[in-house]
Every structure is written in structure tokens, then in C-alpha cells.
Amino acid sequence: MMSSGIDVTHKHALLSLVLQNDGGKGGGWLADRRGWDVTSDVPICEWEGVTCGGDQENSPRGPIKELRLPNAGLSGTIPTDLGLLADLEHLSLSGNMLRGSIPRELSDMKRLVTLDLTGCFLTGTLPQSFASTSLTNLLLANNAISGRFFHEIDSPHLHSIREIRMENNLLTGTIHGPALSKMTELVSLSLSDNDLSGLIPGGALGSLPALRYLYLDSNNLVGPLPSQLATQAGGASILELWVQDNALSGTVPASYTKFDEMHDFYIDGNKLTGDVPQELCGPEINADFFANVPTNAERDYCDSIACPAGTVALEGMYPCSRCPGGEVARIKNRYIGQTGECSDYAERDILRIFHRATTKDGPWSGIDDWGDESRPVCNMTGITCDAHGRVTSISLKNRGLVGHIPGEVGALTFLESMDVSDNRLMGHIPSDLRWTSITQLDVSGNRMRGLIPPLLCLVEELNGNGRDGAFSCDRIACPPGTYNSLGYHAVDGGEACRPCYDETTPFIGQKTCGRPHRPLLGFDWKNAQIAGERLGVSAKICVGIIFSVLLILTILCCMLSRSKKLWRKTYEVWALDEGDTTVIRPGEEEKTYEYSDKGKNEGGDDHNEKYSFSCQYSRKDTGFRDGAVSNGDDTDAENNYHERDGENYDHNKDKDGYMSPATACGLRSATDLISHHQQISFNRREKLSRVVWT
């Protein structure tokens with residue numbers, strides 16, 4: 001048997017799972033399960049869902065190795081006491097109604113092999129590191145877990161992980177290539193149905209020799225399908241690749257024909273053009289999706305991957321319907337794998353879609369003619385047309401737009417300029433804009449996420465791109481985590497985008513940081529980077545060293561200065577103007593009290609001075625600052641408490657909402673002198689003696 005100490009600890013850890021159910025009694029959950037009771041005599045290794053093992057001395061059953069309670073009707077949070085099960089290797093609580101986040105104690109478990117919390121209603125952020133070097137299966141799908149996917153390149157679990165399932169969560173940010181490249185044992189990665197943005201890190205994924213299953217569908221990924229996924233010697237050999245319903249652009253790489261055993265390849269619902277390589281097409285591709293299609297039906301097997309340009313389908317795949325209109329329809333419906341209906345929008349239709357997509361919080365500011373169907377398009381506020389009546393410019397700066405820029409604007413073929421800066425737009429910049437004639441684009445000062453679509457950054461003359469032989473996405477919008485006064489890097493010597501090094505902003509095109517950095521003694525981030533490079537350390541370490549030195553010097557100076565100013569005074573204090581029953585009435589913003597100071601300093605000199613102190617009552621704020629009382633309600637001072645030094649002070653001692661001044665200032669008594677702030681009041685004569693700084 002186990003030692004009694006270990007047994008008690010493990011029993012406590014296990015019961016912490018169920019004691020929060022049914023008012024802390026476990027109730028109905030315990031009724032049909034063996035063990036799982038404080039008074040149970042059943043050995044814990046025989047409890048339902050518990051498996052023990054090992055060959056520890058005097059412990060023939062060994063420590064707890066597995067805890068499997070899927071769909072057990074558990075509720076509440078995941079208890080931190082589970083971390084006491086130090087030898088636990090497999091934990092499965094999937095399908096229970098658990099809430100809250102994954103506790104640190106779970107991610108710190110060093111022998112964990114499988115963690116299955118699928119479908120548990122969990123929130124919070126994804127732990128960036130798991131301590132176990134044996135973690136193989138991380139199953140967290142169908143929750144509401146937020147934050148970034150793994151970015152820590154030195155996490156112990158990266159080298160052992162084989163399966164990650166995190167579909168149907170709330171992950172944001174990019175897929176970090178350097179962290180992925182450490183997962184050399186990874187076989188299956190599922191990040192479907194999140195809010196991930198940026199590029200697919202093809203180089204990192206393609207270098208993983210064990211990778212077979214990759215699911216990245218239903219996110220906000222941009223850029224091309226990476227050819228590097230299939231070009232690295234000894235790299236990935238993909239069997240299933242799901243990337244549908246993103247914003248990917250470009251063509252299907254010919255290198256993917258290397259995946260000769262690939263049987264699932266879904267790319268519909270993107271911005272891809274060109275043709276699917278014929279070598280990828282065959283009766284076995286996506287066969288599970290077409291199980292009910294007659295085997296003798298004649299069809300192009302490339303349609304099983306994506307319908308060609310000029311056609312549409314409900315799922316973007318066979319059976320495909322051709323759009324009427326010949327070559328014109330093919331130009332207007334240029335993407336392969338297009339879902340829904342054929343696009344044949346007039347300019348008014350496109351502007352109507354734009355208006356509907358950007359009025360999510362009500363009408364625009366100062367504009368009411370976009371909803372007037374009788375008004376000519378070229379007479380609408382913010383619209384400029386050429387001599388042929390074709391829209392060439394949209395100017396809606398600071399007009400209260402809320403929503404997103406729809407991809408349909410890409411059908412405004414003659415659009416040259418678009419300014420939607422300083423609004424509250426969200427979402428992403430549509431790559432469809434590359435099909436217009438655009439040369440000026442300003443999306444700064446919004447709340448748009450992700451990366452600039454790479455193909456949009458290559459558009460000649462867009463914000464000066466290519467004029468000097470260089471192309472930069474920064475000329476369209478500063479990337480996440482950076483800013484400047486314009487929100488983009490203007491060509492011809494404009495201000496570069498600078499890092500927000502005191503915080504990370506997820507938005508593009510920012511003109512300020514939330515809390516702008518103030519360079520320390522003129523030593524800013526750029527100088528820190530230069531100094532760091534010279535010293536062979538990072539800029540953050542360089543700044544940290546400088547800050548630490550300055551902090552130490554500041555403390556030493558303060559100690560030296562104060563040591564010269566220590567006076568001992570004896571105060572004889574009384575309230576001169578209000579007597580013994582002074583009160584502060586709610587609504588009176590400030591009351592001033594006087595006291596006289598009589599005493600001798602250490603040099604023996606007499607002094608007799610008068611000082612005044614005030615107790616403030618603020619109507620606007622709540623909470624206590626510097627000994628002043630505030631209450632957001634001018635008419636009711638009831639239940640107004642302030643906790644100070646571990647004690648609760650009742651500020652409602654007087655009748656009718658009146659408060660005594662000393663109490664109102666948050667003082668234990670009149671002797672509780674706040675010497676620095678000089679913000680006190682007294683309701684009776686009192687003598688006090690205290691060492692203070694002057």
C-alpha cells in the first residue's frame with residue numbers, strides 16, 4: 001500500500017475535483033461512482049477513473065498515473081490541487097462543464113504525457129510553456145481559450161509534442177515559426193476556427209519530418225500557400241492539408257505534387273488564382289467528401305479541390321456552376337474555389353455593401369446621403385469620379401466608420417485613392433484592393449489587425465512602393481507593435497515606424513502607443529539597440545542595465561538627502577474653526593482645517609507656526625487617494641468603507657450621511673499624521689509626538 005501521507009495528499013487532490021459540485025458536497029456526481037468520497041474505505045487506486053502504477057518500494061500499486069473522467073458531469077474550475085499528483089501522466093477531463101483558465105499547477109506537472117480538456121468551456125490564455133519533457137498529446141479543442149499560439153522557443157514540451165488540437169478557440173496573433181521548428185516530433189497540428197492572422201510559416205512547418213496532418217482553416221491567414229512546405233529535404237510529408245476559408249492569395253504551388261500520398265486538400269474560400277496543378281488531381285483526392293457521387297460520373301478531378309475561375313459552388317468544389325457572361329464573368333469571379341454566388345456588382349452595389357459593412361454602430365458622422373438610392377453615386381459625400389462617372393476616390397477620414405472593409409471594394413476597378421483613417425474599423429485589409437488602380441491608401445488610426453497582404457505590398461506606386469526600387473508593407477501601414485505620427489512610413493525620407501517597446505499593440509497603422517515611452521535621460525530605444533549591438537546583448541537587456549543603475553543612484557541620493565533633514569517635533573494640534581463636532585457633508589468638495597505647531601527643533605530653536613490641512617470630497621471619482629475620501633454618489637454615503645493596513649474603517653458613523661473629518665480622511669485617529677501629503681483633519685484637541693521628514 002501507499003504510505004498514509006501520500007495517500008491522504010492524493011485523496012485530497014482527487015476530491016478537490018468533486019467537492020465544488022452541488023454546493024460543495026459532490027451530491028449526484030458521487031452517487032454512481034466507486035470511491036470518490038471523503039469517508040470511503042475504497043483505496044484510491046480503485047476509484048473510478050483512477051489508474052495507479054509503478055514499482056516504488058512498499059507501494060505495489062504505485063502512485064497515481066492516470067485520471068480519466070470524460071463526460072462525467074463535473075462543473076466548476078480546475079482545482080490547483082491536481083498539481084499535487086506529481087506522477088500523473090494522463091489527465092482527461094473532456095466534455096465536462098469546467099470554467100476558468102488552465103491553472104499554472106497543471107502546466108508545471110513534469111511527467112504529463114496527455115492533457116485532454118476538450119470541450120470544457122475553458123477561458124483564459126494558453127500557457128506558453130509546459131514543464132513536461134514527455135508531453136505528447138495536448139488536446140484543448142472546443143473551448144474559449146485566447147491569447148497567442150506558442151511563442152516560447154525554449155519551452156520543455158516543444159521537443160516531445162506529437163499532437164496539438166486547439167480548433168474552435170479564440171487564439172489570435174501569428175503562428176510563430178521559430179517555436180514550431182522545435183516541434184520535431186509533431187505529427188498533427190489543428191488550429192482551425194480561431195482568429196489567427198499573418199502568414200503560414202512554411203519554412204518551419206516544412207522542416208518537421210513527422211508532420212502529416214495540418215489544419216489551419218477558418219482563420220485570417222494571408223499571403224501565399226508556402227512552397228517551402230514541400231521543398232525541404234527530409235521534411236514534412238503531408239497527408240491532409242486544410243487551409244480553406246482564409247484570405248490566402250497567389251497560386252497553388254507546383255511543389256505540392258511531392259505530396260503523392262495526400263488525400264485531403266481543401267483550399268476553397270480564399271483569394272487564390274490560377275489553376276490547380278494537374279498532378280494533384282485524382283479520384284482519391286478529397287474522396288471522403290465525394291463519397292455519394294456516382295463513380296461513373298464524368299468530372300474534372302481538379303474540381304474536387306477547387307472550382308476554377310469563372311465558376312462558383314456551395315462549398316467551392318464540385319459540382320461547379322459557370323457564371324454567365326463569358327470572359328467578363330471570369331474577370332469578375334477570378335478566384336478559384338469561390339463559394340456562394342457569382343459576383344456581378346455595379347459600383348452602387350459595391351458602395352452599398354461598403355456602407356452596410358461600416359455602419360455596425362449606427363450612422364456615420366455628418367453623412368446621411370449614402371442611403372439615398374436616388375442620389376447619383378458621384379454626388380455622394382466622400383466620393384470622387386472621373387469624367388466617365390467611374391469612382392476613383394473614397395475619402396471618409398474620421399467619419400465614425402465601425403465595422404470592416406469588405407473585399408468587394410476590389411471590384412472598383414478605377415479606384416485610385418482611399419482614405420478611411422481615424423475611424424473604428426476592425427478586421428483586415430482585403431487583398432482584393434490589388435485589382436483596383438489604387439495608388440493612395442490610408443487605413444491608419446483604426447483597430448485593424450493582422451499583416452498587410454503581401455501581394456498588396458507589391459502593387460506598383462501604392463503609397464510610393466517601387467518608386468525607389470523598394471517595396472515595403474510599412475508604406476501602407478505600420479505593422480502591429482509599431483507606430484509613428486502618420487501610421488505608415490511615408491516614402492521619400494518619411495518617419496519610420498517605431499516599436500512600442502513598453503507594450504505590444506495588436507493593431508496596424510497606429511499613430512501612438514497606448515502609453516508612449518519617455519526616453520530615459522535622452523536614451524531611447526534606437527540608441528539602446530545600437531548600444532546593445534556594440535555590447536553583444538539585446539536592446540532590452542541594455543535598457544534594463546541602465547535603468548537598474550539609475551534606480552540605485554536615485555535611491556542613494558534620496559537616502560543621503562533625507563538623512564540631513566530629520567527633525568523631531570512635538571505638535572500641539574487642535575481644530576480652530578469648526579470645534580469638536582466638525583463633519584463633512586456629502587456634496588462639499590473641500591474643507592480646510594487649521595492647526596498650530598509649537599515646539600523645538602533639535603537645535604533648540606523655538607517655533608510657533610500655523611498650518612492648514614484639507615480633507616477633499618470628490619464628486620467624480622471613487623476610491624481613496626492620499627487620505628482623501630471620495631464617493632461617486634453625492635446623496636448617499638452609506639456603506640462607504642476603506643481598507644487600510646488590514647483594517648476596515650466605517651465612514652458612516654454619523655447620522656444623515658455625515659462623516660467626521662478624521663474618519664473621512666481615512667485616519668485611524670487624529671494621531672495618524674500623514675506628514676507627506678498634509679491632508680488631515682481633527683475633531684478634538686489632541687497632543688501627538690512623531691518623527692517626521694520636513
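In the UniProt record's numbering, the protein residues as written are 1 to 694. Beta carbons: idealized from backbone N, C-alpha and C, even for Gly. Since we're looking at a predicted model, the values are computed, not measured.
request  = Could you check if Ser249 is buried or exposed, using at least 16 other CB atoms within 10 Å of its CB as the buried criterion?
outcome  = Buried, because 16 or more other Cβ atoms sit within 10 Å of the Cβ of Ser249.
ask   = Do you know how far the Cα of Ser94 is from the Cα of Gly119?
value = Taking the straight line joining both Cα atoms gives about 6 Å.
ask   = What whole-angstrom Cβ distance do His159 and Thr184 have, given they're in contact under 8 Å?
value = Yes, they are in contact, since the Cβ atoms of His159 and Thr184 sit about 6 Å apart, within 8 Å.
message = I want to know whether the region 198–212 touches the region 174–189 - three or more CB-CB distances under 8 Å.
response = Taking a cut-off of 8 Å on C-beta distances, the region 198–212 touches the region 174–189, as three or more cross pairs fall below it.
ask   = Where does Asp645 sit, in a helix, a strand or coil, going by DSSP?
value = Reliability of the predicted coordinates at Asp645 is poor, the pLDDT of 34 falling under 50, and no value is obtained from them.
query = Are Pro363 and Arg449 touching if we call contact CB-CB under 7 Å?
reply = No.
query = Given Thr231, which residues of its chain have a CB within under 6 Å of its CB, disregarding the five upstream and five downstream residues?
reply = For Thr231, where only same-chain residues beyond five positions count, the Cβ hits under 6 Å are Ser255.
task = Could you work out which residue in Leu486, Asp349, Gly481 and Gln510 is closest to Tyr501 when comparing CA atoms only?
result = Minimum Cα distance to Tyr501 is reached at Gly481.
request  = Could you give the DSSP three-state label for Arg330: helix, strand or coil?
outcome  = Helix, per DSSP.
query = So, Asn137 versus Asn169, is the Cβ gap smaller than 7 Å?
reply = Cβ atoms of Asn137 and Asn169: not closer than 7 Å.
ask   = How many Å lie between Cys497 and Asn465 at the Cα?
value = Roughly 16 Å separates the two Cα atoms.
inquiry  = Between which residues of its own chain and Trp242 is the CB-CB distance below 6 Å, once the five residues before and five after are set aside?
reply    = If we look at Trp242 and ignore the five residues flanking it on each side, its Cβ neighbours are Tyr215, Asp217 and Tyr266.
key: Alpha-carbon spacing of His90 relative to His428, whole angstroms   = Spanning the two alpha carbons is a distance of roughly 40 Å.
query = Between the Cα of Val50 and the Cα atoms of Asp41, Ser40, Asp474 and Gly35, which residue gives the shortest distance?
reply = Answer by Cα proximity: Gly35.
ask   = Going by other Cβ atoms of all chains shown within 10 Å of its Cβ, with 16 needed for buried, is Gln278 buried or exposed?
value = Under the 10 Å beta carbon count, Gln278 is surrounded by fewer than 16 other beta carbons and is classified as exposed.
query = Terminal residues of the continuous alpha helix (DSSP H) containing Asp41?
reply = Careful: Asp41 lies outside any alpha helix (DSSP H) and carries neither H nor E.
request  = Please work out which residues of its chain come closer than 6 Å, Cβ to Cβ, to Pro224, disregarding the five sequence neighbours upstream and downstream, and give them in chain order.
outcome  = Annotation for Pro224: Gly250 place their beta carbon closer than 6 Å to its own, counting only its chain and skipping 5 residues before and after.
ask   = In whole angstroms, what is the alpha-carbon distance linking Leu239 and Leu211?
value = Within the model, the alpha-carbon separation for Leu239 versus Leu211 is close to 9 Å.
ask   = Considering Phe265, what are the terminal residues of the beta strand (DSSP E) in which it resides?
value = Asp264 to Tyr266 is the extent of the beta strand (DSSP E) around Phe265.
key: Classification of Leu553 by the beta-carbon crowding that lies within 10 angstroms, buried from 16 upward   = It counts as exposed.
message = Just verifying my parser: in three-state terms, what is the DSSP assignment at Asp432?
response = The DSSP-derived three-state label of Asp432 is helix.
request  = Would you be able to state if there are at least three C-beta pairs under 8 Å between the region 128–143 and the region 101–115?
outcome  = Under the Cβ criterion (8 Å, minimum of three pairs), the region 101–115 counts as touching the region 128–143.
key: Span separating the alpha-carbon of Val443 from that of Met109   = So the two alpha carbons sit approximately 46 Å from each other.
Segments assigned alpha helix (DSSP H), at least 4 residues, entirely inside the region 383–428 = Fully enclosed alpha helix (DSSP H) runs of 4 or longer: not present.
task = Over the uninterrupted alpha helix (DSSP H) stretch that includes Gly198, give me the two end residues.
result = It is not in any alpha helix (DSSP H) - Gly198 instead sits in the beta strand (DSSP E) that spans Asp195 to Gly198.
query = Is the beta carbon of Ala309 less than 7 Å from the beta carbon of Arg334?
reply = By the CB criterion at 7 Å, Ala309 and Arg334 fall inside the cutoff.
Limits of the unbroken alpha helix (DSSP H) element including Leu455 = Here the alpha helix (DSSP H) through Leu455 covers Pro454 to Cys457.
task = Pick out whichever of Gln228, Asp432 and Asp422 has its Cα sitting closest to the Cα of Ile508.
result = Checking every option, the nearest Cα to that of Ile508 belongs to Asp422.
inquiry  = Between which two residues does the beta strand (DSSP E) holding Ala247 run?
reply    = Ala247 to Gly250 is the span of the beta strand (DSSP E), which, as asked, contains Ala247.
query = Among all the DSSP beta bridges, which residues are the ones paired with Trp242?
reply = DSSP output for Trp242 lists Tyr215 and Tyr266 as bridge partner(s).
request  = Assess, as a yes-or-no matter, whether the region 400–411 is touched by the region 346–359 under the definition of 3 or more beta carbon pairs within less than 8 Å.
outcome  = Note that the region 346–359 touches the region 400–411; at least 3 beta-carbon pairs, one per stretch, sit closer than 8 Å.
Identity of the residue in His388, Ser129, Leu186 and Glu461 nearest Ser155 by Cα = Ser155 has its Cα closest to that of Ser129, out of His388, Ser129, Leu186 and Glu461.
query = Can the beta-carbon of Gly382 be found closer than 7 Å to that of Ser395?
reply = Result yes, Cβ atoms of Gly382 and Ser395 sit closer than 7 Å.
ask   = Hey, out of Ser132, Leu191, Ala144 and Ile555, whose CA is closest to Phe121's CA?
value = Taking only the C-alpha atoms, the option nearest Phe121 is Ala144.
inquiry  = Cutting at 6 Å between CB atoms, please list the residues of its own chain near Gly147, excluding the five before and the five after it.
reply    = Excluding residues within five positions, the ones whose Cβ falls inside 6 Å are Thr125 and Leu126.
query = Does DSSP put Asn220 in a helix, in a strand, or in coil?
reply = Correct three-state label for Asn220: strand.
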